[in-house]
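See structure below.
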Amino acid sequence: MKEYETPRELALPEIRQIIANYAQAAQNAVAAGFDGVELHAANGYLPQQFLSDSANHRADEYGGSIANKARFTLEVMRALIAAVGGGKVGIKISPLHPYAGIAFDDPLATYTYLINELNQLDFTFVELMKRSPMFPLLPHYPQGDEIEIFGKLVSHTLVAGTAYTRESGEAELQKGIASLIAYGSLFLANPDLPRRFEQNAALNAPDRPTLFGGGEHGYIDYPFLPA
Ligand SMILES: Cc1cc2nc3c(=O)[nH]c(=O)nc-3n(C[C@H](O)[C@H](O)[C@H](O)COP(=O)(O)O)c2cc1C
528 MKEYETPREL ALPEIRQIIA NYAQAAQNAV AAGFDGVELH AANGYLPQQF LSDSANHRAD
588 EYGGSIANKA RFTLEVMRAL IAAVGGGKVG IKISPLHPYA GIAFDDPLAT YTYLINELNQ
648 LDFTFVELMK RSPMFPLLPH YPQGDEIEIF GKLVSHTLVA GTAYTRESGE AELQKGIASL
708 IAYGSLFLAN PDLPRRFEQN AALNAPDRPT LFGGGEHGYI DYPFLPA
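To get the numbering used here, take the position in the sequence shown, counting from 1, and add 527.
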């Protein structure tokens with residue numbers, strides 16, 4: 528395997544260009560027939576690299592304070608909204624998921640700021656991706672339920688995600704903080720998932736070895752319920 532390159536700081540013109548690229552990508556997606564776009568600001572993707580204390584060591588207006596670290600995400604969101612309209616824009620965040628070495632000194636302070644700023648913008652939904660149980664909770668992170676802690680701050684439609692089952696998804700909706708549940712691996716393994724939930728039918732189990740790569744096997748060949 529090739530060694531990773533050491534990342535370098537983006538220059539300000541590059542940041543402006545990348546924000547313009549996000550807007551262009553959103554326009555392209557809508558022109559191609561997508562209903563909308565979701566800014567991936569979770570899981571160590573670029574917006575979360577700007578937001579985090581572990582990845583962002585900048586000393587300019589995009590680094591240092593929480594407001595500076597959140598600037599990139601908020602500028603991209605404004606650009607997306609301007610490009611395609613807030614009715615076609617959402618964002619995915621993962622406050623406590625430490626994937627890709629992402630860590631915050633004070634995730635509650637960072638995400639309280641970010642969510643409060645997002646609350647001022649006119650767009651459609653926030654998807655809150657909870658920490659995957661396969662990753663440890665960092666020792667200084669809050670122990671409570673992420674939907675309780677962060678979801679309650681969100682004024683947009685809230686989508687909750689990560690490791691939900693039919694039952695835990697239903698229980699989450701009953702709590703009244705999240706309005707929608709995002710299913711990933713269960714949906715991949717069950718192309719007719721809504722129907723199976725409706726009928727309380729048995730589910731195909733996701734096949735872990737083929738989930739994240741390889742060929743079409745494990746992507747297009749899970750069986751449907753008999754008609
Ligand atoms: C096959 C597969 C590939 C995924 N790829 C990515 C990815 O490239 N980047 C990412 O941030 N999340 C990825 N996810 C996570 C999903 O976006 C989603 O957050 C997650 O699947 C929801 O949790 P669940 O699978 O437990 O329902 C992937 C999930 C699956 C099942």
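Even for Gly, the Cβ is constructed at its ideal location relative to N, Cα and C. These numbers were taken from a predicted model, which means no experiment stands behind them.
- Item | Simplified DSSP state of residue 685, which is helix, strand or coil | In the three-state scheme derived from DSSP, where H, G and I count as helix and E and B as strand, residue 685 is classed as strand.
- Could you tell me whether the Cβ atoms of residue 700 and residue 722 are closer together than 8 Å? Cβ distance not < 8 Å, so residue 700 and residue 722 don't count as in contact.
- Query: Where in the segment 531-614 do unbroken runs of the beta strand (DSSP E), each at least 3 residues long, occur, reported from the N-terminal end onward?
  - Reply: With a minimum length of 3 residues, the continuous beta strand (DSSP E) runs that stay inside the segment 531-614 are 564-568.
- How big is the Cα-Cα spacing for residue 606 and residue 543? Using only the alpha carbons, I get a separation of about 10 Å.
- Task: Have a look at residue 547 and residue 601 and give me their C-alpha separation to the nearest angstrom.
- Result: For residue 547 and residue 601, the distance between alpha carbons rounds to 13 Å.
- By how many angstroms is the C-alpha of residue 695 removed from the C-alpha of residue 727? Answer to the nearest angstrom: the Cα atoms are 14 Å apart.
- Whole-Å CB distance - residue 655 paired with residue 678, under 8 Å assumed: Cβ-Cβ separation between residue 655 and residue 678: approximately 5 Å, consistent with a contact (criterion under 8 Å).
- Query: CB residue 553 to CB residue 564, shorter than 8 Å?
  - Reply: Contact flag set, yes.
- Where does residue 682 land, buried or exposed, given buried means 16+ other C-beta within 10 angstroms? Residue 682 should be labelled exposed.
- Limits of the alpha helix (DSSP H) - the one that residue 724 falls within: Its alpha helix (DSSP H) spans residues 720-726.
- DSSP beta-bridge partners for residue 708? Listed as beta-bridge partners of residue 708 by DSSP are 687.
- Which ranges does the beta strand (DSSP E) cover as unbroken runs of at least 3 residues, wholly within the segment 629-659, from first to last along the chain? Every unbroken stretch of the beta strand (DSSP E) spanning 3 or more residues and falling wholly within the segment 629-659 is given here in chain order: 652-656.
- Query: Using the C-alpha atoms, what's the distance from residue 586 back to residue 626?
  - Reply: Spanning the two alpha carbons is a distance of roughly 24 Å.
- Rank 634, 719, 603, 560 by C-alpha distance to the C-alpha of residue 593 and give the top, closest one. Nearest to residue 593 by C-alpha distance, out of 634, 719, 603, 560, is 634.
- Query: In chain order, what residues of the same chain have a beta carbon less than 8 Å from the beta carbon of residue 643, not counting five sequence neighbours either side?
  - Reply: Answer for residue 643: 680, listed in chain order.
- Item | Distance between residue 589 and residue 719 (C-alpha atoms, nearest Å) | In a straight line, the C-alpha of residue 719 is about 44 Å away from that of residue 589.
- Task: Over the uninterrupted alpha helix (DSSP H) stretch that includes residue 619, give me the two end residues.
- Result: Per DSSP, residue 619 belongs to no alpha helix (DSSP H); it is in the beta strand (DSSP E), 616-620.
- Message: One question on the structure: do residue 623 and residue 541 come within less than 8 Å of each other, judged by their Cβ atoms?
- Response: The Cβ atoms of residue 623 and residue 541 do not sit closer than 8 Å to each other.
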